[in-house]
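Residue numbers (UniProt numbering): 1 to 287.
Using N, Cα and C, we set each Cβ at its ideal position, and we do this for glycine too.
Please read these numbers as outputs of a predicted model, since none were measured by experiment.
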């Protein structure tokens, strides 16, 4: 059986024995045990009864009791052998030595009690520090948990953003391909349009030249027709003038009327053609 260390509690011995420390008066009182110590404790080696922290023996009161019993025994022996001066002197020396040992033990006990007090205060400080560290550790664990949750949320959001970015890049590549195709088609259409425009310009110029020549020719024909018409009109006037003199047959008169109608129709057609050519020249000039 090994005695436990004193810890932060007051220095109390087993079976009701102990030492109480008066911190105000700086003194130490001894309490007599209510019951005798068990034999197995009394027979324990001294190194088994010493506190590993303060070095004070748990059985110090028992040691005090043994010293007191020994002093009483010596006092009794001194009384019994008072007649022998030499024995008395020896006993007195032993008594003095035991008294010195008792005082030394008391002094050591007070010193160790003071040391125990200091160690108790240090233990209390360490316990307070441990309590603070425990609270800080709990706060750190909560912060770590919160940080991990935030990290997981960030990872989820990052994965979602990455997925959206991948889709966006795919769409962008598709649009780039479509843009290349559209640009190619536009370039082809533009080339075709330039070629067609050049061809149309050449054709329009050719048609314009042809129409101009045709207009000149038609104008010339029109002038000739107008001259012929004027001549015919003069002839008609002359015929009307001489109609009284000459009686034309109905067939000749009908032929003359038909010729007049044909000339009128031809004049009308020439006028339409002239108007059409004029509009064509205006359109070509506008372009």
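- Listed in chain order, the alpha helix (DSSP H) elements of length 4 or more contained wholly in the segment 79–144 amount to none.
- With contacts defined as CB atoms closer than 8 Å, residue 97 and residue 71 fail to qualify as a contacting pair.
- Residue 67 places its beta carbon less than 8 Å from that of residue 101.
- When the five nearest sequence neighbours on each side are left out, the beta carbons in the same chain lying within less than 7 Å of the beta carbon of residue 266 are those of 225, in order along the chain.
- Nearest in C-alpha terms to residue 258, of all of 270, 273, 271 and 236, is 236.
- With the rule of 3 Cβ pairs closer than 8 Å, the segment 192–201 does not count as touching the segment 218–233.
- For the set 145, 240, 273 and 138, the Cα lying nearest the Cα of residue 220 is the one of 273.
- In this structure, residue 200 keeps its C-beta atom at 8 Å or more from the C-beta atom of residue 270.
- Between residue 238 and residue 198, the alpha-carbon positions lie close to 58 Å from each other.
- Pairing residue 215 with residue 277 gives a Cβ-Cβ distance under 8 Å.
- Rounded to the nearest angstrom, the Cβ distance from residue 77 to residue 105 is 22 Å, too far for a contact under 8 Å.
- As the crow flies, the alpha-carbon of residue 166 is around 10 Å from that of residue 159.
- When DSSP states are grouped into helix, strand and coil, residue 259 belongs to the helix group.
- Secondary structure at residue 44: coil, using DSSP grouped into helix, strand and coil.
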